[in-house]
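These notes are about the structure you will find just below.
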Amino acid sequence: MTDSSPVPSLLNLAIDRAAANIEKFPTFTFVPDHIVAILFEKTLESSKLNDAILKKFLETDNNWVRKRVKDLGIRPANRPVLPTGEMLQCSTRRKKMKGKNVLKVARGHVSLWEQQLRALSTAASTEKLSQGTKLSQRCSFSAADVTSYCRLTGDSNPIHTSTSAAQDAGFSGCVVPGMLCGSLFPAIIGSRFAGAVYVSQTLTFKAPVAVDEYLIAEVEVTAIQNLRRNAKITFSTRCFTDENERLLVEGQAVALLPLIKDLG
Numbered sequence: 001m002t003d004s005s006p007v008p009s010l011l012n013l014a015i016d017r018a019a020a021n022i023e024k025f026p027t028f029t030f031v032p033d034h035i036v037a038i039l040f041e042k043t044l045e046s047s048k049l050n051d052a053i054l055k056k057f058l059e060t061d062n063n064w065v066r067k068r069v070k071d072l073g074i075r076p077a078n079r080p081v082l083p084t085g086e087m088l089q090c091s092t093r094r095k096k097m098k099g100k101n102v103l104k105v106a107r108g109h110v111s112l113w114e115q116q117l118r119a120l121s122t123a124a125s126t127e128k129l130s131q132g133t134k135l136s137q138r139c140s141f142s143a144a145d146v147t148s149y150c151r152l153t154g155d156s157n158p159i160h161t162s163t164s165a166a167q168d169a170g171f172s173g174c175v176v177p178g179m180l181c182g183s184l185f186p187a188i189i190g191s192r193f194a195g196a197v198y199v200s201q202t203l204t205f206k207a208p209v210a211v212d213e214y215l216i217a218e219v220e221v222t223a224i225q226n227l228r229r230n231a232k233i234t235f236s237t238r239c240f241t242d243e244n245e246r247l248l249v250e251g252q253a254v255a256l257l258p259l260i261k262d263l264g
């Protein structure tokens, strides 16, 4: 199948979108395959491709997908992006598939792969965690970020958006809402361990965070309890300035992380 066929063109578009969004996933060393799979599924829904084209695509060797990803300079996980024709044939042996059933089977595989690839494509797994393991993220919050957060939450405190109000309150400039900084901790954990369930979080705010100030958010494993179907992980959490490591926020988080073997 050549690039002139509708499906490769659409998947090329999906991969391009994933590449364009790579900065939104700073914790990944590559764009995860499951993101491409989700984009592909959404593209299918919006394009209303007929089953004949989809089936032809699924039965076609998809080496061109890996080549396309390689050309973009993205290192993919060692997994194909989409279900192969052999997978589809295994499903159709049990029941003759016609019409929309072909699309249903394909999407079912994509959904299953999405679950598995979330575990296999991330930068870490529960099997690699041990006491003392640290995960971190560097970022800053712009005035636009703060304004969006305040609008979304209904926080009307002017020290976050008005320089004069912040100075009147004793700050040098606008202050980033503390809970916005605290939201970095579940982001770090959730982006590395898809399916993580956040159980609790304590926060103590040690110093104000200025708008556009670069900070490091860090979580460190302090305890691991293996349960029947997941692992209960306790993290110490803290934010500190990137420039001089001045402590800004500290606390403790507990999360339930799925075991990789449960997704196999």
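Everything in the sequence shown is counted per full-length UniProt numbering, starting at 1 for the first residue and increasing by one.
Cβ coordinates follow ideal geometry from the N, Cα and C atoms, glycine included.
Since the structure is predicted, the reported quantities are computational estimates derived from the model, not experimental observations.
Same chain, Cβ closer than 8 Å to residue i, five either side skipped, listed in chain order
| i | result |
| --- | --- |
| Phe240 | Leu215, Ile216, Glu218, Arg246, Leu247, Leu248 |
| Thr163 | Gly173, Cys174 |
| Ser130 | Val221, Ile224 |
| Asn244 | none |
| Cys139 | Pro26, Leu184, Tyr214, Leu215, Ala217 |
| Ser136 | Ile188, Ile216, Ala217, Glu218, Val219 |
| Lys206 | Leu247, Leu248, Val249, Glu250 |
| residue 265 | Because the chain in this structure spans residues 1 to 264, residue 265 falls outside the shown range and cannot be described. |
| Asp61 | Residue placement at Asp61 is poorly supported in this model, since its pLDDT is 46, which falls under 50; the coordinates still yield a value, given next. Excluding positions up to five away in sequence, the list is empty. |
| Lys128 | none |
DSSP bridge partner residues for residue i (one or two, in chain order)
| i | result |
| --- | --- |
| Ala210 | Val175 |
| Leu129 | Beta-bridge pairing links Leu129 to no other residue. |
| Arg238 | Glu218, Glu250 |
| Leu259 | In the DSSP output, where bridge partners are listed per residue, Leu259 has none listed. |
Proximity to residue i [Cα-Cα], best of the options
| i | options | result |
| --- | --- | --- |
| Ala166 | Ala210, Ser136, Ala194 | Ala210 |
| Pro258 | Val197, Glu250, Thr163 | Val197 |
| Cys181 | Asn226, Gln131, Thr202, Gln225 | Thr202 |
| Leu227 | Arg238, Leu184, Leu256, Phe171 | Leu256 |
| Gly251 | Glu213, Gly154, Lys232, Thr204 | Thr204 |
| Phe141 | Leu135, Glu213, Asp168, Thr153 | Glu213 |
| Ala169 | Ala231, Pro208, Lys128 | Pro208 |
| Ser236 | Gly154, Ile189, Asp155 | Ile189 |
Cβ shell of residue i (< 6 Å), same chain only, five flanking positions each side left out
| i | result |
| --- | --- |
| Val254 | Val199, Ser200, Thr234 |
| Arg94 | Residue confidence for Arg94 is low, a pLDDT of 36 falling below 50, so the modelled location carries little weight; the figure read from the coordinates is stated next. Counting only Cβ-Cβ distances below 6 Å, and skipping sequence neighbours, we find nothing. |
| Pro186 | Tyr198 |
| Thr133 | Val221 |
Chain C within 7 Å of residue i, Cβ atoms only
| i | result |
| --- | --- |
| Leu259 | This model lacks chain C altogether; it includes just one protein chain. |
Beta-carbon contacts of residue i that lie in its chain and below 7 Å, excluding the five residues immediately before and after
| i | result |
| --- | --- |
| Ser183 | none |
| Lys232 | Gln225, Val254, Leu256 |
| Phe171 | Ile159, Pro208 |
| Arg238 | Glu218, Leu247, Val249, Glu250 |
| Arg151 | none |
| Asp242 | Arg138, Tyr214, Leu215, Ile216 |
| Thr153 | none |
Check: residue i C-beta below 6 Å from any heavy atom of the ligand PLP
| i | result |
| --- | --- |
| Leu227 | For the ligand PLP, the structure offers nothing, since it holds no ligand at all. |
Practice prompt. With a floor of 3 residues, list each beta strand (DSSP E) that falls wholly inside the UniProt domain "MaoC-like" (131-233), ordered by position along the chain.
Written response: 134-139, 197-205, 215-226
Worksheet item: Does the segment 173-184 touch the segment 140-156, meaning 3 or more C-beta pairs lie closer than 8 Å?
Response: yes
Worksheet entry | At least three beta-carbon pairs within less than 8 Å, the segment 187-201 to the segment 148-162 | no
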